[in-house]
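Numbered by the numbering used here, the letters in the sequence shown go through residues 17 to 301 in order. Following: one structure in structure tokens, then a few remarks.
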Amino acid sequence: MPANTWNFRSVRDLRRAHVDAVVEVDFGAGPHRLTPWTTALDLRAVVPPHGPVDWAQLDKLPNLSTVSWSGPDRGLAEAIAAHPQIQYAEWFAAEGDLDLRQTAIIRLWIDCARLDCLLLPDTVVTLLLRNPGEGVLVQPQDDAHRLTLHMSFGGGGVVIPAGLRRTAGVRLNLGGEFSIKELEPFTGLRDLTLDFEGPPGRLIDLPLLAQHPGLERLCLINAYDMNPATIPEMPDLAGVEVVGTRAEIAAGLQQRFHGRARPEVSIRYARPFGNQEGSGSVEAP
């Protein structure tokens with residue numbers, strides 16, 4: 017048999033061994049069979065709801081990079097710190113104080129309605145907060161200016177934790193109405209996205225954007241009720257993107273910046289003239 021056939025068999029057998037390999041882990045809720053190549057794990061499915069957790073089981077998953085969790089810490093932050101290959105985390109119903117400073121997390125999604133304090137590592141690049149409560153402390157280890165911050169408020173009031181007010185890149189997922197006045201706590205905005213998740217998509221107090229003279233990019237998603245003529249003069253504004261709006265608003269926006277090289281205006285998914293029906297959500301690609 018030609019040598020290249022033997023090589024093919026070797027590769028095929030190696031792939032089969034890769035697929036068939038399993039390890040048994042038991043975090044305290046009974047054994048679970050996983051592959052050693054597992055990269056993402058919902059810990060809620062394998063960890064007991066109460067009592068001690070054997071976090072040393074993570075040693076059996078050397079390729080694990082993403083974990084999901086819910087509730088109080090129960091030693092997870094320390095376990096993640098001991099496994100720096102874990103760089104992505106989503107944390108549901110977080111409670112109390114959470115110290116992640118020793119971890120290597122790059123991207124964190126966290127539901128923090130019941131959270132009191134969140135201390136972040138210097139590795140974090142993207143932070144996604146859901147329902148931050150009044151008085152919650154969110155503290156980056158260094159300057160928050162380099163963070164990309166996503167916040168969702170579930171239709172409730174807008175709360176900007178003090179430790180994040182120097183963030184330059186911000187995306188807010190909103191209900192049906194938003195006032196630019198709510199952005200007042202931010203002191204270093206450069207890139208802003210406002211995404212309305214419900215009708216009517218009303219954006220008010222646009223002249224107050226002048227309080228953020230360093231703004232370079234503005235993206236509005238499902239803003240079906242706004243007056244583009246009230247956007248103030250902003251010397252650093254290089255781009256305005258609108259995804260989902262009425263044709264009348266799109267035309268007004270084009271007129272607002274007609275004949276100028278800056279900002280560059282991009283409009284997608286505008287409704288036809290005269291269509292006054294409810295907004296209907298458009299998801300930005």
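Note that beta-carbon positions come from the ideal geometry of N, C-alpha and C, so glycine has one too. If you're wondering where the values come from, they're calculated on a predicted model, not measured in any experiment.
Distance from the CA atom of Thr246 to the CA atom of Leu199, rounded to whole angstroms, is 17 angstroms.
Taken through DSSP and simplified to helix, strand or coil, Ile237 comes out as strand.
Between Arg278 and the set Asp252, Leu188, Leu231 and Gly260, the nearest pair of CA atoms involves Asp252.
Of the candidates Cys128, Gly151, Ile121 and Leu131, Ile121 places its Cα closest to the Cα of Pro137. Boundaries of the alpha helix (DSSP H) around Ile265: Ala263 to Arg272. Judged by their CB atoms, Ala95 and Leu74 are nearer to each other than the 7 angstroms cut-off. When beta bridges are read from the DSSP output, Trp85 appears opposite Trp107. For Leu165, DSSP records a beta bridge to Leu143 and Val186. Leu163 is a Cβ neighbour of Leu143, given a cutoff of 7 angstroms. With respect to the C-alpha of Phe169, the residue from Leu210, Leu153 and Pro156 having the closest C-alpha is Leu210. Per DSSP, Ile96 lies in no beta strand (DSSP E) segment; the continuous alpha helix (DSSP H) that holds it begins and ends at Leu92 to Ala97. Between Gly268 and Pro244, the gap from beta carbon to beta carbon is short of 7 angstroms. For the pair Leu59 and Ala98, the Cα-to-Cα distance works out to about 16 angstroms.
Annotation for Ile122: no beta strand (DSSP E) segment contains it, and DSSP assigns it neither H nor E. Leu80 is the residue among Leu153, Leu80, Gly255 and Gly46 whose C-alpha sits nearest the C-alpha of Thr55. Under the DSSP assignment, Ala56 falls in the beta strand (DSSP E) whose first and last residues are Ala56 to Asp58.
Counted as a single uninterrupted DSSP element, the beta strand (DSSP E) harbouring Gln155 occupies residues Leu153 to Gln155. Out of Ala184, Leu145 and Gly192, the CA that lies nearest to the CA of Val175 is found in Leu145. Our two residues, Trp125 and Glu280, have alpha carbons roughly 32 angstroms apart in a direct line. Using a Cβ distance threshold of 7 angstroms, Tyr240 and Gly204 do not count as a contacting pair.
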